[in-house]
Amino acid sequence: MNPQNHSVAPEDFRRLFESSPAQYVVVNREFRIVAATDSVLEAGGRRREDIVGLLITDAYPDNPDNPDANGTEVLRSALQRVLDERTGHVLPIQRYDIEVDGIFEERYFKPLNEPVLSADGEVEYIIHGVENVTESVKATQAS
138 MNPQNHSVAP EDFRRLFESS PAQYVVVNRE FRIVAATDSV LEAGGRRRED
188 IVGLLITDAY PDNPDNPDAN GTEVLRSALQ RVLDERTGHV LPIQRYDIEV
238 DGIFEERYFK PLNEPVLSAD GEVEYIIHGV ENVTESVKAT QAS
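Under our numbering, the first residue of the sequence shown carries the number 138, and numbering increases by one thereafter.
What follows is the structure in structure tokens.
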């Protein structure tokens, strides 16, 4: 059996990534978005062409109406940690309000960051993923 006949063609990887049901964005070493899954775009009511090339903190800014918002600072620090330590990590649940159709919606996420290392062991990209846990956080708050 020839393994090449059963592997994914390189040009198909972007389509496979974008079709993932998980909410992921990929950022470069400058924290600019270079790729995003369809599910993260749908969850935030965004279009790929509107966020690719932006700093992740510009694409997903803090809620200006929440004086306690610090999501962009936490995110930037977490991404820098990945660069410095060259290892992934899961953050505690974070409140990170998301702008949808011009209105910020209160959301809670369990974020993770995973480095993509080059052949020489340096961080080339960071996969930033989130699990939306808003419903469970709000249910806990209500009880």
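Think of the CB as a built atom: it goes at the ideal place given N, C-alpha and C, for glycine as much as any other residue.
- Pairing Gly225 with Ala159 gives a Cβ-Cβ distance that is not under 7 angstroms.
- For the pair Arg166 and Ile188, the Cα-to-Cα distance works out to about 16 angstroms.
- Around the CB of Phe150, fewer than 16 other CB atoms lie within 10 Å, so the residue is classed as exposed.
- For Glu155, same chain residues with a beta-carbon under 7 angstroms away, outside a window of 5 residues either side, are Thr174 and Asp175 in chain order.
- Contact between Val270 and Phe246 holds: their C-beta atoms lie close to 6 angstroms from each other, under 8 angstroms.
- Of the other Cβ atoms in all chains shown, fewer than 16 fall within 10 Å of the Cβ of Pro204; this residue is therefore exposed.
- Secondary structure note for Val253: its beta strand (DSSP E) is the uninterrupted segment Tyr245 to Leu254.
- In this structure, Asp238 sits near Gly182, with a CB-CB distance shorter than 7 angstroms.
- For the pair Lys275 and Glu259, the Cα-to-Cα distance works out to about 39 angstroms.
- Within the DSSP bridge table, the entry for Glu222 names no partner.
- Per DSSP, the continuous beta strand (DSSP E) segment holding Gly266 begins and ends at Val260 to Asn269.
- In the structure shown, the three-state DSSP call for Ile240 is strand.
- Taking each of Asp234, Phe168, Val145 and Thr194 in turn and checking the Cα distance to Tyr262, the smallest one comes out for Phe168.
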